[in-house]
Amino acid sequence: MSRVLVLVGESEELDRQALSLASTLGSVELVSVGPTKIGGADKAWQIESPVLSDYAPEAIAESLAQLIGQELPSAAIASGTERNNEIMAHLAALLDLPLATNVLTVSADSEDWRLTRVRWGGSLIEEATLSAFLKLLTVAPHSQPVWEGSGTPALEIFEPELGDELGRTRVRERVTLDEGITLTTAPVIVSGGRGVGSAEGFAVLEELAGLLGGAVGCSRVVTNNGWRSHRDQVGQTGTRVAPQLYMACGISGAIQHWVGMMAAKKVLAINTDPEAPMVTKADYAVIGDLHEVLPAIIAEIRRRQEN
Amino acid sequence: MKILVCVKRVPAPGARINLAPDSRSIDARHLSFTVSPHEECAVEEAIRLKELQGGSVTILTLGNAEAEEQLRYAISVGADEADLITADEIDIDPQATASALSERITELEGASDPFDLILVGNESADAGGYQVGVRIAHALGRPVISGIKGLKVEDQTIEARREIDGGFEIYRLPLPAIVAVKEGINLPRYPTLPGRLRAKKAEVRKVAYQLKRGGLTMVSLATPVEQQTATRVLGRGAEAAPAVVDLFEELGLL
Numbered sequence: 006m007s008r009v010l011v012l013v014g015e016s017e018e019l020d021r022q023a024l025s026l027a028s029t030l031g032s033v034e035l036v037s038v039g040p041t042k043i044g045g046a047d048k049a050w051q052i053e054s055p056v057l058s059d060y061a062p063e064a065i066a067e068s069l070a071q072l073i074g075q076e077l078p079s080a081a082i083a084s085g086t087e088r089n090n091e092i093m094a095h096l097a098a099l100l101d102l103p104l105a106t107n108v109l110t111v112s113a114d115s116e117d118w119r120l121t122r123v124r125w126g127g128s129l130i131e132e133a134t135l136s137a138f139l140k141l142l143t144v145a146p147h148s149q150p151v152w153e154g155s156g157t158p159a160l161e162i163f164e165p166e167l168g169d170e171l172g173r174t175r176v177r178e179r180v181t182l183d184e185g186i187t188l189t190t191a192p193v194i195v196s197g198g199r200g201v202g203s204a205e206g207f208a209v210l211e212e213l214a215g216l217l218g219g220a221v222g223c224s225r226v227v228t229n230n231g232w233r234s235h236r237d238q239v240g241q242t243g244t245r246v247a248p249q250l251y252m253a254c255g256i257s258g259a260i261q262h263w264v265g266m267m268a269a270k271k272v273l274a275i276n277t278d279p280e281a282p283m284v285t286k287a288d289y290a291v292i293g294d295l296h297e298v299l300p301a302i303i304a305e306i307r308r309r310q311e312n
Numbered sequence: 666m667k668i669l670v671c672v673k674r675v676p677a678p679g680a681r682i683n684l685a686p687d688s689r690s691i692d693a694r695h696l697s698f699t700v701s702p703h704e705e706c707a708v709e710e711a712i713r714l715k716e717l718q719g720g721s722v723t724i725l726t727l728g729n730a731e732a733e734e735q736l737r738y739a740i741s742v743g744a745d746e747a748d749l750i751t752a753d754e755i756d757i758d759p760q761a762t763a764s765a766l767s768e769r770i771t772e773l774e775g776a777s778d779p780f781d782l783i784l785v786g787n788e789s790a791d792a793g794g795y796q797v798g799v800r801i802a803h804a805l806g807r808p809v810i811s812g813i814k815g816l817k818v819e820d821q822t823i824e825a826r827r828e829i830d831g832g833f834e835i836y837r838l839p840l841p842a843i844v845a846v847k848e849g850i851n852l853p854r855y856p857t858l859p860g861r862l863r864a865k866k867a868e869v870r871k872v873a874y875q876l877k878r879g880g881l882t883m884v885s886l887a888t889p890v891e892q893q894t895a896t897r898v899l900g901r902g903a904e905a906a907p908a909v910v911d912l913f914e915e916l917g918l919l
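Chains as they are written, first to last, in my numbering: chain A, 6 to 312; chain B, 666 to 919.
Listed below in structure tokens is the structure:
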């Protein structure tokens, strides 16, 4: 049976999704920089090196290349996070091999793999062939079931030979911002689009997000107009979110926005246009001007809290 | 400071993308085209660095003849030189793309000094391969960092800032280096009238290469099946508020 190395260590949920796809392709061996708590695989490789004192994409890729050279697996896979896509790109460049990013499905019944992958952030699907003696791919986030494997794999420490120069692209400094609830941790996101009309117009969204313990998001039009920081942008070129509830206020729902929030459990659209794509795709909708609807919602929450 | 920016011509974001009858390309008839969003910011960042430090900005693309439009756009906002590697096909795999771009960069540098800084977009809006910049860096033997939303140049070092959840990371790379940037690093300017006139007259250098095919080959494109949702309308205007708050309670958010 073919052996598949899976790089883990980013987010347990996404790692388990990648493992889900990987486990259909062969016997899974985990690879992590430092210890991992994910279990269930046949084997786990733990990479140890003083050069890897912090995130260092070039050095991690070189470590993987050395491990691959020693073990000769048939594939190396990682979840399609920004960091993993970076590490796998380095690995592909080092080995001069193709890399398929954000893969959805793989059929591995012939020498060349047939796969589908995400294009346009998810608004198109590409069918492609991947032809290489070692297949490299990353798995599109939130496209797979979560792998339920558990139990302790046989652990082996791998100590790569890394020159100090590979530390040139290591993180030098970290700055922590006290942001409170962020887009990726918020249970609710109150998000605004063109319909909000101005930077000041976001005050009412801020107030509602505060009452719900959520975060404020926005569409690309909003950041292009300078109404909010790009840090708040949800969508293909912004942040991908997966809250319990996504409230799209005055957002028409262009596909590039939709792909950034389609992993939300529920979507509530507030829009004056009942035909807007966001309204027709949402689970719930309120037809109306957000500047009337949101203050009424805030008043209703306060009324119930007082009673 | 000598800066080179690699860009890609893509349909303007926001438009609905339909497929051509062959299912191997998109139907471009009703689409307007632009520089891929991350790269539009890369162009802006290069121009800002030039304004701060002096130097020049060269724009390089691999594409069909129409990609000249995006090169002229970059000149209209302040780039100095433009270079087009012409290719008849539009969908070129990441290995072939990186190899053609690296080859052209080496040629351009052969004629003078190396570029101090090469900027690329973190990933193209359409193909989303996340790898061309990294491959160029390996081909040229230079350091590269991806996902960057802040840049500062000091002497022979570039300080790059990467947003992560709850803060940011700082990297310091020796120049010459390659940086893959993301939208949000700046807000790109609009072209000025003198800029447009300059762009119209500017020379776009053109070269053609035999592309070296990589191992990832696109077979076809498809539009994903859209999930049909029966939208529950909770009401109209302010009168919907109690139903919305009921929903918050039902979802356990209050």
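Ideal Cβ placement from N, Cα and C applies to all residues, glycine included. Quick caveat, the model's predicted, so the values are computed rather than measured.
Reducing DSSP to helix, strand and coil, say where residue i ends up.
i: B:L766; result: helix
i: B:M666; result: coil
i: B:D748; result: strand
i: B:A873; result: strand
i: B:Q892; result: coil
i: A:E116; result: coil
i: A:A66; result: helix
i: A:Q238; result: strand
i: A:A27; result: helix
i: A:V176; result: coil
i: A:W50; result: strand
i: B:S741; result: helix
i: A:V144; result: strand
i: A:L295; result: helix
i: A:T277; result: coil
i: B:R827; result: strand
i: B:I682; result: coil
i: A:T41; result: coil
i: A:V78; result: According to the sequence shown, residue 78 of chain A is Pro rather than Val. In the structure shown, A:P78 sits in coil (DSSP, three-state: anything other than H, G, I, E or B).
i: A:I130; result: strand
i: A:I162; result: strand
i: B:L816; result: strand
Whole-angstrom Cβ separation of residue i and residue j, contact assumed at under 8 Å?
i: A:I292; j: B:V898; result: 7 Å
i: B:V846; j: B:A707; result: 5 Å
i: A:A90; j: A:G200; result: Residue identity differs from the one stated: residue 90 of chain A is Asn in this sequence, not Ala. That belief does not hold up - the Cβ atoms of A:N90 and A:G200 are roughly 33 Å apart, past 8 Å.
i: A:G185; j: A:T143; result: Actually they do not touch by this definition, with Cβ atoms about 31 Å apart.
i: A:F163; j: A:L72; result: 5 Å
i: A:A46; j: A:L35; result: 5 Å
i: A:L96; j: A:L141; result: 6 Å
i: A:I256; j: A:S224; result: 5 Å
i: B:A903; j: A:V298; result: 6 Å
Assign residue i to one of two classes, buried (16 or more other C-beta atoms within 10 Å of its C-beta) or exposed (fewer than that).
i: B:K933; result: The requested residue 933 of chain B does not occur in the structure, where chain B is confined to residues 666 to 919.
i: A:K286; result: buried
i: B:L717; result: exposed
i: B:D791; result: buried
i: B:K667; result: buried
i: B:Q735; result: buried
i: A:E280; result: exposed
i: B:N787; result: buried
Is the distance from the Cβ of residue i to the Cβ of residue j below 8 Å?
i: B:I813; j: B:I850; result: yes
i: B:Q760; j: B:R800; result: yes
i: A:G31; j: A:A80; result: yes
i: A:L188; j: A:A220; result: yes
i: A:R372; j: B:P839; result: The requested residue 372 of chain A is not part of the displayed model; chain A covers only 6 to 312.
i: B:L696; j: A:R124; result: no
i: A:L129; j: A:W118; result: no
i: B:P856; j: B:S767; result: no
i: B:L782; j: B:P841; result: yes
i: A:G258; j: A:V227; result: no
i: A:I302; j: B:A906; result: yes
Considering only heavy atoms of the ligand GDP, does any lie closer than 7 Å to the CB of residue i?
i: A:D47; result: Questions concerning the ligand GDP fall outside what the structure shown contains, since it holds no ligand whatsoever.
Chain A contacts from the segment 883-910 of chain B (Cβ-Cβ distance under 7 Å):
M883, V884, S885, L886, A887, T888, P889, T894, T896, R897, V898, L899, G900, R901, G902, A903, A905, A906, P907, V909, V910
For the segment 90-106 of chain A, which residues have a beta carbon sitting closer than 9 Å to at least one beta carbon of chain B?
N90, E91, M93, A94, H95, A97, A98, L99, D101, L102, P103, L104, A105, T106
Can you list, in chain order, the residues of the segment 190-206 of chain A whose Cβ is nearer than 8 Å to any Cβ on chain B?
T190, P192, V193
Could you list the residues in the segment 782-808 of chain B with a C-beta less than 9 Å from some C-beta on chain A, going in chain order?
N787, E788, A790, D791, A792, G793, G794, Y795, Q796, V797, G798, V799, R800, I801, A802, H803, A804, P808
Select from the segment 253-269 of chain A all residues with a C-beta closer than 8 Å to any C-beta belonging to chain B, and list them in chain order.
A259, I260, Q261
Using a Cβ-Cβ cut-off of less than 8 Å, list which residues of the segment 285-311 of chain A approach chain B; keep chain order.
T285, K286, A287, D288, Y289, A290, V291, I292, G293, D294, E297, V298, P300, A301, I302, A304, E305, I306, R309
Counting only Cβ-Cβ distances shorter than 8 Å, please list the residues of the segment 163-192 of chain A near chain B, keeping chain order.
R173, T174, R175, V176, R177, E178, R179, V180, T181, L182, E184, T187, T189, T190, P192
Note down, in chain order, all residues in the segment 668-702 of chain B with a beta-carbon under 7 Å from any beta-carbon belonging to chain A.
P678, G679, R681, I682, P702
Please list, in chain order, the residues of the segment 822-840 of chain B that have any C-beta partner in chain A closer than 9 Å.
E824, R826, R827, E828, I829, D830, G831, G832, F833, E834, I835, Y836, R837, L838, P839
Short of 9 Å Cβ to Cβ, which residues in the segment 44-58 of chain A face chain B?
none
Check distances from the C-beta atoms of the segment 731-760 of chain B to those of chain A and list, in chain order, the residues that come in under 8 Å.
D758, P759, Q760
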